[in-house]
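Under the working numbering, the first residue of the sequence shown is numbered 6, with each subsequent residue one higher.
For every residue, glycine included, the Cβ atom is placed at its ideal position computed from N, Cα and C.
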Amino acid sequence: ELGLRYAQERIQFGKPIMSFPRVFGKLVMMAVEIMVARQITYFAAREKDGGRRCDLEAGMAKLLAARVAWAAADNALQIHGGNGFALEYPVSRVLCDARILNIFEGAAEIQAQVIARRLLEGGN
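Pasting the structure below:
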């Protein structure tokens, strides 16, 4: 959202930077990846709500969401250019927050172990 808003408001060469292919390409991929992460999270939640085992799906959701959050934050910072490092822009903090997800939610390697174990057991 921060990257999109900035891309719509920031004017370069007389037009919003959103109109530049490299910028809107980043925003499109961010939107796609966020949607995929959201959907796998919803799927894991539906499995849990249905009383079914969901550690495989939950592990996948956590792993993907942390990676997507990092990639989206990094791309948003890139869209902001040098302004992304200025403390008055919230995106500078978002990158730090996104990085910590891999630690708080279990390191990516741990999530990968959970997923691999379930796949080897014959999970979905």
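*If you count every other CB in all the chains shown that lies within 10 Å of the CB of Gly-8, and 16 or more means buried, which is it?*
buried
*List the whole-angstrom C-beta distance separating Ala-103 from Ala-63, where the pair is believed to meet the contact cut-off of C-beta under 8 Å.*
No, Ala-103 and Ala-63 are not in contact; Cβ-Cβ is about 19 Å, not under 8 Å.
*What is the DSSP secondary structure of Pro-95, counted as helix, strand or coil?*
coil
*asked:* Which residue wins for smallest C-alpha separation from Ala-49, given the options Ala-71, Ile-39 and Asp-60?
replied: Asp-60
*Host alpha helix (DSSP H) of Gly-87 (start-end)*: Run containing Gly-87: none; DSSP gives neither H nor E here.
*Which whole-angstrom value describes the C-beta separation of Ala-42 and Ala-70, a residue pair presumed to lie in contact below a C-beta threshold of 8 Å?*
5 Å
*asked:* Please state whether the Cβ-Cβ distance between Val-96 and Leu-82 is less than 8 Å.
replied: yes
*asked:* I'd like the list of long-range same chain contacts for Tyr-94, defined as Cβ closer than 7 Å, with 5 residues on each side in sequence excluded.
replied: His-85 and Asn-88
*For the ligand ATP, is there a heavy atom less than 7 Å away from the beta-carbon of Gly-8?*
Absence of the ligand ATP is noted for the structure shown, with no ligands found whatsoever.
*Secondary structure, alpha helix (DSSP H): runs of 4+ residues fully inside the stretch 41-71*: none
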